Amino acid sequence: MADLRNTFAGIKSPNPFWLASAPPTDKAYNVERAFKAGWGGVVWKTLGEEGPPVVNVNGPRYGAIWGADRRLLGLNNIELITDRPLQVNLQEMKQVKMNWPDRALIASIMVPCEENAWKSILPLVEETGADGIELNFGCPHGMSERGMGSAVGQVPEYIEMVVRWCKQYTRMPVITKLTPNITDIRKPARAAKAGGTDAVSLINTINSIVSVDLDSFAPTPTVGGKGSHGGYCGPAVKPIALNMVAEIARDPETYGLPISGIGGITTWRDAAEFLALGAGNVQVCTAAMTYGFKIVQEMITGLSDWMDEKGHRSLDDIIARAVPNTTDWQYLNLNYVAKAHIDQDACIKCGRCHIACEDTSHQAITALVDGVRHFEVLEEECVGCNLCVNVCPVENCITMVGLEPGTLDQRTGKPVDPNYANWTTHPNNPMARQAAE
């Protein structure tokens, strides 16, 4: 049986599934129930400094994007950090850690970008016995307007500065949570590493407005007739998160930096993809909010069964396995040629492949053959774009088949070149021509 035990930045947990800092981790009642359900770790909902508690809105806090079957695809959140007193949270964290010593308990922290503010809160958190801290540099709403959250995460110099303070004033491992609301995710990751962070976590939520109520003409969720931007999460953000995790994992300047992957993880397969792209563990929020804490049991069982099936004995067999196969567009093999193939026995003759191909300019799939409704690929027109595979409602009805080297490509009239060639040396690349000259 596969070994799912996980060690992340020196923090041990029985499996790689942690609950992310969010509403589900706001109190001991929730965290205890999460641990009973099987979660390997929890990042406690973000703590603020001592003083008057944060004030949340007393109305709708979430907006949503649904699929055709009303499955939740994306969630917009305008809730702020914990609105419970700091001391109450700290007392509960201490008790939970005593009750569950084998589970990872991480304290998410967000205080003003001042050295004394961080210096003051760190000993209080350390006294709880927490396994580590996560610096919340990601929240894009409410707190960012106060100079915290993504307002810090968007400035690499601030990230490095705060990380240095934390490494100076605490013995606990420091995880730096990065905002996706930035052009190049590698820069804040490099800054965190320069400051001495033990790990990074990403992505936090994406700044968003999910919809507008066309009766009241206000963004949703609507509070007293007005709406605001919030943080977008859920399955819809997974592709963005995967790319950002991969960017850090394959950047020479951050290579080897532990990464906690966050963003739209709903199934064991989602988790496995994050691990393959370099994440050392994963954090989940929206799936738990949508389906409840017990969803982790499906994740654990699914990941374990898949690992057994593939012969992966431990998480180390998976982590970062896809990183060497992730590259920039300019290094893709331009001599690789593939064509679409339609399984006529599986085809239900819906015509979606034809419509997509016809209206996307390739015109490589027939609608009629000898006056009969029939969908077949015209190899002389097919560029191998894969669109037909993605729009076909029947799984594996349309597949992409690579042409063997030396095979005639009917579209170009030339045999497939067996040699690797990419854009950096292509004669149409002006930079390549300049280099040759």
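Numbering-wise (my numbering), the sequence shown opens with residue 100 and increments by one. Note that beta-carbon positions come from the ideal geometry of N, C-alpha and C, so glycine has one too. Remember, it's a predicted structure, so these values are computed and weren't measured experimentally.
For this session: Taking 8 Å as the threshold, find out whether the region 231-241 comes into contact with the region 201-217 through three or more Cβ pairs.
Result: yes
Exercise. Using a C-beta cutoff of 7 Å, does alanine 387 count as contacting chain D?
Worked result: Among the protein chains of the structure shown there is no chain D, as only one such chain exists.
Exercise. What's the call for proline 334, buried or exposed, on a 16-neighbour Cβ count within 10 Å?
Worked result: buried
Exercise. Do you know whose CA, among Lys218, Asn215, His328, Val299, lies nearest valine 311's CA?
Worked result: His328
Exercise. Going by DSSP, which residues form a beta bridge with proline 318?
Worked result: Val311
Problem set entry | Environment of histidine 525 [buried if 16+ CB atoms lie within 10 Å] | exposed
Exercise. In or out: tryptophan 428 buried (at least 16 other Cβ within 10 Å) or exposed?
Worked result: exposed
Exercise. If you run the structure through DSSP and keep just helix, strand and coil, what is methionine 499?
Worked result: strand
Exercise. So, using beta-carbon positions, are tyrosine 519 and asparagine 432 closer together than 7 Å?
Worked result: yes
Exercise. Can you list, in chain order, the residues of its chain whose CB lies under 7 Å from that of asparagine 129, leaving out five sequence neighbours each side?
Worked result: Pro123
Exercise. Mind checking whether glutamate 480 and threonine 465 have CB atoms under 7 Å apart?
Worked result: no
Problem set entry | Integer Cβ distance of tyrosine 161 from leucine 172, believed to fall under 8 Å | That pair is no contact at about 13 Å.
Exercise. Exposed or buried, valine 316, counting other C-beta atoms within 10 Å across all chains shown (16 or more means buried)?
Worked result: Checking the sequence shown, residue 316 turns out to be phenylalanine, not valine. By the neighbour-count rule (16 or more Cβ atoms within 10 Å), phenylalanine 316 is not buried but exposed.
Exercise. According to the neighbour-count rule (16 or more other Cβ atoms, all chains shown, within 10 Å of its Cβ), is arginine 412 buried or exposed?
Worked result: exposed
For this session: Quick one: which unbroken beta strand (DSSP E) runs of 3-plus residues sit fully inside the region 273-355? Chain order, please.
Result: 273-276, 298-301, 305-307, 310-312, 317-319, 329-332
For this session: Mind reading off the beta-carbon distance from glutamine 382 to alanine 119? Whole number of angstroms is fine, and I expect it under 8 Å.
Result: 4 Å
Exercise. Beta carbon of tryptophan 143, beta carbon of methionine 192: below 7 Å?
Worked result: yes
Exercise. In terms of DSSP beta bridges, what is arginine 472 paired with?
Worked result: Leu467
Exercise. Using DSSP with H/G/I as helix, E/B as strand and the rest coil, what is glutamate 233?
Worked result: strand
For this session: Pull up the distance between the alpha-carbon of methionine 343 and that of lysine 337, whole angstroms please.
Result: 10 Å
For this session: Measure the alpha-carbon distance for aspartate 125 versus valine 273 and round it to whole angstroms.
Result: 20 Å
Exercise. How should asparagine 114 be labelled, buried or exposed, when 16 other C-beta atoms within 10 angstroms of its C-beta is the threshold for buried?
Worked result: buried
Exercise. Would glycine 483 pass as a contact of lysine 438 if the rule is Cβ separation under 7 Å?
Worked result: yes
For this session: Compute the Euclidean distance between the alpha carbons of lysine 286 and threonine 506, then round it to the nearest angstrom.
Result: 45 Å
Problem set entry | alanine 439 - partner residues in DSSP beta bridges | Met499
Problem set entry | Distance between isoleucine 164 and aspartate 314 (C-alpha atoms, nearest Å) | 18 Å
Exercise. What's the gap between the Cα of tyrosine 268 and the Cα of valine 262?
Worked result: 10 Å
Exercise. What number of angstroms, rounded off, separates the C-alpha of tyrosine 430 from the C-alpha of asparagine 521?
Worked result: 5 Å
Exercise. Measuring CB to CB, does isoleucine 302 end up less than 7 Å from glycine 379?
Worked result: no
Problem set entry | Extent of the continuous beta strand (DSSP E) run through aspartate 403 | Checking the sequence shown, residue 403 turns out to be serine, not aspartate. First-last for serine 403: 394-409, but that is the alpha helix (DSSP H), not the beta strand (DSSP E).
Exercise. What residue does the alpha helix (DSSP H) around glutamine 509 start on, and which one ends it?
Worked result: Here glutamine 509 belongs to no alpha helix (DSSP H), and DSSP marks it neither H nor E.
For this session: Note down the Cα distance separating threonine 523 from asparagine 434, rounded to an integer number of angstroms.
Result: 13 Å
Problem set entry | From Arg132, Glu148, Gly147, Glu149, residue whose alpha carbon lies closest to that of valine 141 | Arg132
Problem set entry | Proximity below 7 Å, CB of alanine 290 to CB of valine 299 | no
For this session: Could you check which residue in Lys513, Ile497, Glu244, Asp182 has the C-alpha nearest to that of proline 504?
Result: Lys513
Exercise. Among Tyr390, Thr366, Cys487, which has the Cα closest to the Cα of phenylalanine 116?
Worked result: Thr366
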